[in-house]
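> There's a structure below that I have some questions on.
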Amino acid sequence: MLRLEGLLASGRAAGADLVEIFLERTDHLGVLAEQDTITSVSPAFGMGAGIRVFLGDRDGFVSTNDLSDRGLMQALEQALGMLGLSHSSSSNTSPFEGLQLMRDFAAAKLDWLDSCPSLAEATLKLLEGTGRLEHHGRHLQARRGSYSRDWQSVLVAASDGTFARDIRLHQSLGLNVLAADGDHRAGLGRRYGTSDRPDDLRQWDADAAAQDVCSSVGTMLYADYVEAGQMPAVLANRFGGVIFHEACGHLLETTQVERGTTPFAEMVGQSIAHEAVTAIDEGLSDGAFGSLSMDDEGMEPQRTVLIENGVLKRFLSDRAGELRTGHSRTGSGRRQGHTFAAASRMRNTFIAAGPHTPEQLIGSVDKGLYCKSMGGGSVGPTGQFNFAVEEGYLIENGQLTKPVKGATLIGEAKEVMPRISMCANDLELAAGFCGSVSGSIFVTVGQPHIKVDSITVGGR
Amino acid sequence: MTQPTIQTLNAEALSGRLQQLAQGAGIQQWDLGASCSTDTSVQVDRGEAKQMKGAQRSAITLRVWNGDGLVGITSTSDLSDSGLARALSGARDASAFGNAEETPAFSPLATAPLAPLDQPLHQPQPILSLLDTLKQAERQLLDRHIAIGTVPYNGLAQRSSERLYLNSEGACRHQTLTTASLYLYARAEEAGRKPRSSGAVRLAYGTAELDIAGCIEEAAERTIAHLDYAPIETGYYTCVFSPEAFLDLIGAFSSLFNARAVLDGVSLSHRDSLGDSVAVPFLSIRDNGLHPGNVGASAFDGEGTPTAALDLVAGGVLKNFLHSEATARAFGVAPTGHAGMGAKVSVGADWFEIGVTPGSGGGQQGLDRLNHAGPVVVIDSLSALHAGVKASQGSFSLPFDGWLVEGGVSRSIEAATVAGDIRTVMKAIVGFEGLAKITPDGLCPYVWVEGLSITGEA
């Protein structure tokens with residue numbers, strides 16, 4: 128603590144408005160099973176510091192693996208120098224008043240790493256998963272199971288007195304298959320993830336997961352390509368929420384306001400979506416992949432209503448976002464690790480449940496697409512998005528009919544949000560990873576079944 | 280101001296420390312990949328510094344072989360003695376779960392001579408100098424057209440780095456490198472119309488060598504060329520891929536050439552696919568990490584095997600696969616210098632050269648999109664390759680930026696995706712237009728492909 132206070136005092140004395148130090152230790156384990164063999168076990172551990180200095184609304188950020196006194200001081204001086212500050216040019220008359228009492232979110236989590244399944248347990252569980260794939264699947268050319276355990280201990284200290292530490296634990300499991308029968312090929316995967324539950328892998332129902340993957344790939348193996356066009360679509364719950372996350376959620380981060388790349392910057396209080404849509408981002412759901420005890424700037428997370436009945440309510444904001452855009456912090460300052468400065472990022476983001484049943488949504492469509500499972504996608508710098516549909520079905524006369532592959536949903540958030548006209552009552556969350564300005568972070572996406580009145584479907 | 284201290288790796292000292300620790304732990308065989316780097320970068324926003332970053336990074340990946348010959352691995356950023364000891368212990372623990380059916384070995388080429396690379400080393404510039412340079416570049420780009428309002432994605436970065444490969448049989452590879460990069464991605468908007476954006480990137484061995492003017496020019500030209508846009512009708516079109524777009528597409532399907540993917544059953548190719556006709560008879564694809572246009576080329580791969588050129592497709596025929604030591608052993612050939620490092624070693628392509636097979640005629644001659652009878656779609660850049668490519672199935676459906684060229688007139692396409700199958704694409708190449716262009720991912724001319732499905736957002 129004295130070391131940290133010395134650095135913070137030194138930075139303030141040099142003229143910085145604010146100095147923030149982020150210290151990190153990590154312990155990662157990755158295991159890969161292919162067919163019925165463990166083919167890769169890859170432990171990794173690391174440590175480092177990220178030092179950020181603010182002057183006005185500008186900042187300099189330096190990261191280092193060198194945690195010696197000399198290494199940290201060098202990093203601080205380099206960050207100060209980026210803003211034209213040095214100890215000889217000090218003009219700061221407001222001294223650093225010391226750190227507050229530490230808020231210790233880690234105290235109850237110190238045994239988490241040791242409570243996780245051993246390597247032997249993890250390998251057995253994964254092999255159970257790939258074994259169940261073999262049991263349930265047909266024409267499987269490749270079966271893969273992957274397990275990842277990420278443990279991170281962080282400490283945040285800043286010259287405004289912020290002083291907090293936490294331990295995070297994320298575990299995820301993936302099952303992937305490639306099926307082939309003559310010229311027919313289909314590949315499909317599912318990922319499951321939780322945070323802060325050391326016992327999670329032990330609880331994983333490998334058989335149910337394998338059955339789910341095999342059922343889907345078996346259906347998609349013989350699917351025809353979808354015909355391109357404009358049509359209504361019903362998106363299933365859970366990972367269907369990836370579209371809201373990518374196409375709209377990112378546009379509600381203050382990093383986008385700063386860049387001038389969100390069309391919603393001046394629209395707080397205005398309607399940006401159909402009145403059926405309420406959207407929330409929070410870091411509180413028990414065990415969810417994007418939940419946090421504190422963000423990477425030491426602030427406790429909140430439940431942030433982004434859109435309520437179609438009206439834009441708030442942006443997600445971090446320390447720099449508050450400084451540069453005026454949107455108050457929401458406990459959303461997140462980063463992959465010490466090599467990134469925190470930025471406003473999503474946590475658990477979802478469209479809230481509505482009053483309908485999924486059947487009512489499907490029943491309301493004469494001819495359209497049902498997207499049971501979404502693949503990845505992307506959003507361009509001007510808001511246009513596209514997402515691959517991993518498992519899709521035609522809707523004809525209100526009924527699901529034949530499976531179709533090769534579909535891509537294309538559009539722009541600003542145009543599509545008003546077309547989400549129905550939300551079902553079956554909200555579920557799904558674990559995922561989000562890559563953006565401050566690296567790859569753990570998030571959940573989610574939604575109930577939703578109906579989009581009209582969307583461009585790319586196909587052949 | 281304080282300049283970052285450039286970190287360095289001492290191969291001899293690291294090797295000595297490891298040898299000592301390994302002996303103490305009863306480990307006879309080990310190898311190690313290490314890297315360290317010092318980076319500085321800046322971003323700007325309308326004349327102001329947006330973010331200035333510095334980073335000192337170091338990392339090692341350590342592999343050990345246990346008494347049963349099984350391999351374990353650990354990575355760490357802690358290069359202290361205690362960090363190395365912990366890594367060694369972690370790797371030994373992991374080796375108990377090593378795959379007995381496929382155990383990596385040292386590359387037989389880990390001590391073979393390396394090809395010389397002309398990679399001049401440059402001193403890093405002060406970060407405030409980078410900032411001034413980027414501010415000027417941003418200003419010049421904004422001044423190019425009234426519709427260009429911001430350059431929301433931009434960056435000027437420089438890196439000094441070192442890589443090492445060591446093994447317990449005395450192999451010692453070492454490479455030092457400096458690189459610099461500039462990217463400018465502009466956003467333009469005209470009243471009542473949708474915002475449009477495009478950009479350009481440049482790489483060099485030092486900031487002073489960066490083609491900044493060329494980057495500004497290209498970013499401006501591309502952005503302005505998209506201002507006048509219209510929707511495109513969904514249908515089948517002859518497409519002209521830019522060098523960047525075609526290299527991206529081939530790169531996304533490089534599992535076609537990847538022996539690791541072949542052995543894992545996730546490639547469209549099979550063990551006996553070599554010699555198959557996979558493309559039009561005038562197409563050549565060569566992997567050549569040593570090409571002088573490949574800025575920042577690696578002299579050796581993760582197993583210490585020298586980087587070398589390799590014909591993948593010649594005359595439309597599949598000629599070779601990319602290999603690590605383990606896959607090469609499985610195929611009975613020599614490693615090709617395309618390995619990563621791991622308990623299960625990954626394999627990846629370096630830098631493609633795509634063009635005409637000498638003596639093949641080269642397909643249709645004199646292709647010129649502006650003088651073509653029918654409409655053609657120019658695919659300038661592809662997006663979302665991570666999501667829209669099903670490499671193990673051959674299919675793709677990708678959004679793109681481009682133009683519809685009809686009757687000599689070129690108009691930007693509002694929004695569209697191109698879909699197809701890579702096997703069909705490689706056999707539907709009509710020919711090439713223009714000279715091959717050097718890009719960060721390889722060397723390639725414009726490539727004409729018949730009959731691709733385009734979905735517009737009309």
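So the protein lines, in turn, are chains A and B. Each residue of the first sequence is one higher than the one before, counting from 128 in this note's numbering. Each residue of the second sequence is one higher than the one before, counting from 280 in this note's numbering. Where a beta carbon is used, it is the ideal one built from N, C-alpha and C, also for glycine.
Looking at residue 226 of chain A: is its Cβ nearer than 8 Å to the Cβ of residue 288 of chain A?
yes
> Throw me the rounded Cβ distance for the residue 574 of chain A and residue 539 of chain A pair, which I believe falls under 8 Å.
The Cβ separation is near 19 Å, so there is no contact.
> Using three-state DSSP, classify residue 423 of chain B as helix, strand or coil.
Shown here, residue 423 of chain B sits in coil according to DSSP, grouped into three states, outside any helix or strand.
> Spatial neighbours of residue 304 of chain B within its chain, please: CB distance less than 6 Å, with the 5 preceding and 5 following residues excluded, ordered by chain position.
367
> Taking the C-alpha atoms as reference points, what is the distance between residue 336 of chain A and residue 256 of chain A?
Residue 336 of chain A and residue 256 of chain A: Cα-Cα distance of roughly 8 Å.
> I want to see whether chain A comes within less than 8 Å of residue 372 of chain B, judged by CB atoms only; does it?
yes
> In the structure shown, what three-state DSSP assignment does residue 421 of chain A receive?
DSSP places residue 421 of chain A in coil when its eight states are reduced to three.
> Do residue 467 of chain B and residue 475 of chain B have their CB atoms nearer than 8 Å?
Yes. Within cutoff.
> Nearest-angstrom Cα distance between residue 549 of chain A and residue 562 of chain A?
29 Å
> Please return the same chain residues whose Cβ sits closer than 6 Å to the Cβ of residue 742 of chain B, not counting the five positions on each side in sequence.
Any question about residue 742 of chain B goes unanswered here, given that chain B covers just 280 to 737.
> Got a sec, what are the start and stop residues for the beta strand (DSSP E) residue 353 of chain B sits in?
350 to 355
> Can you check which of these residues, A/412, A/532, A/497, is closest to residue 558 of chain A by C-alpha distance?
Ranking A/412, A/532, A/497 by CA distance to the CA of residue 558 of chain A puts A/412 first.
> Under the assumption that residue 718 of chain B contacts residue 497 of chain B (Cβ atoms under 8 Å), give the Cβ distance between them as a whole number of angstroms.
Wrong, their Cβ atoms sit about 11 Å apart, outside the cutoff.
> Name, in chain order, the residues that DSSP records as bridge partners for residue 375 of chain A.
According to DSSP, residue 375 of chain A bridges with nothing at all.
> Am I right that residue 358 of chain A and residue 313 of chain A are in contact with their C-beta atoms under 8 Å? What's the rounded C-beta distance?
The Cβ separation is near 23 Å, so there is no contact.
> Note down the Cα distance separating residue 672 of chain B from residue 532 of chain B, rounded to an integer number of angstroms.
10 Å
> Just tell me which of B/293, B/407, B/686, B/515 has its CA closest to the CA of residue 731 of chain B.
B/515
> Do residue 626 of chain B and residue 664 of chain B have their C-beta atoms closer together than 8 Å?
no
> According to the Cβ coordinates, are residue 618 of chain B and residue 393 of chain B closer than 8 Å?
In this structure, residue 393 of chain B does not lie closer than 8 Å to residue 618 of chain B by Cβ.
> Anyone know if the C-beta pair for residue 389 of chain A and residue 429 of chain A falls short of 8 Å?
no
> Grouping DSSP H, G and I as helix and E and B as strand, with all else coil, what is residue 587 of chain A?
In the structure shown, residue 587 of chain A adopts coil according to DSSP, grouped into three states.
> Which ranges would you report for the beta strand (DSSP E) in the region 428 to 503 of chain A if only whole runs of at least 3 residues count?
The region 428 to 503 of chain A contains, as complete beta strand (DSSP E) runs of 3+ residues, the segments 430 to 435, 475 to 478 (chain order).
> Evaluate contact between the region 456 to 474 of chain A and the region 199 to 207 of chain A, counting only Cβ atoms and requiring at least three cross-stretch pairs below 8 Å.
Note that the region 456 to 474 of chain A does not touch the region 199 to 207 of chain A; fewer than 3 beta-carbon pairs, one per stretch, sit closer than 8 Å.
> For residue 630 of chain B, list the residues DSSP reports as bridge partners.
DSSP output for residue 630 of chain B lists no bridge partner at all.
> Helix or strand or just coil, what does DSSP make of residue 540 of chain A?
helix
> Which one or two residues does DSSP pair with residue 527 of chain A in a beta bridge?
Answer is A/522.
> In whole angstroms, what is the alpha-carbon distance linking residue 346 of chain B and residue 377 of chain B?
If you take the alpha carbons of residue 346 of chain B and residue 377 of chain B, they lie about 12 Å apart.
> So residue 460 of chain B and residue 436 of chain B are supposed to be a Cβ contact under 8 Å. How far apart are they, rounded?
5 Å
> Would you mind reading off the limits of the alpha helix (DSSP H) that contains residue 239 of chain A?
239 to 242
> State the DSSP-derived secondary structure class of residue 480 of chain B, mapped to helix, strand or coil.
Of the three classes helix, strand and coil, the one that applies to residue 480 of chain B here is strand, per DSSP.
> Taking the alpha-carbon of residue 271 of chain A as reference, which of A/191, A/516, A/300 has the nearest alpha-carbon?
A/300
> Strictly below 8 Å CB to CB, what residues from chain B border residue 174 of chain A?
356, 357
> Does any residue of chain B have a CB that is nearer than 8 Å to the CB of residue 189 of chain A?
yes
> Could you check the C-alpha separation between residue 371 of chain B and residue 156 of chain A for me, to the nearest Å?
14 Å
> Residue 423 of chain B versus chain A: which residues are under 7 Å apart at the beta carbon?
By Cβ distance, chain A contributes nothing, its closest Cβ being about 18 Å from residue 423 of chain B, past 7 Å.
> Taking the DSSP output, what are the residues bridged to residue 494 of chain B?
Residue 494 of chain B pairs with nothing; no bridge assigned.
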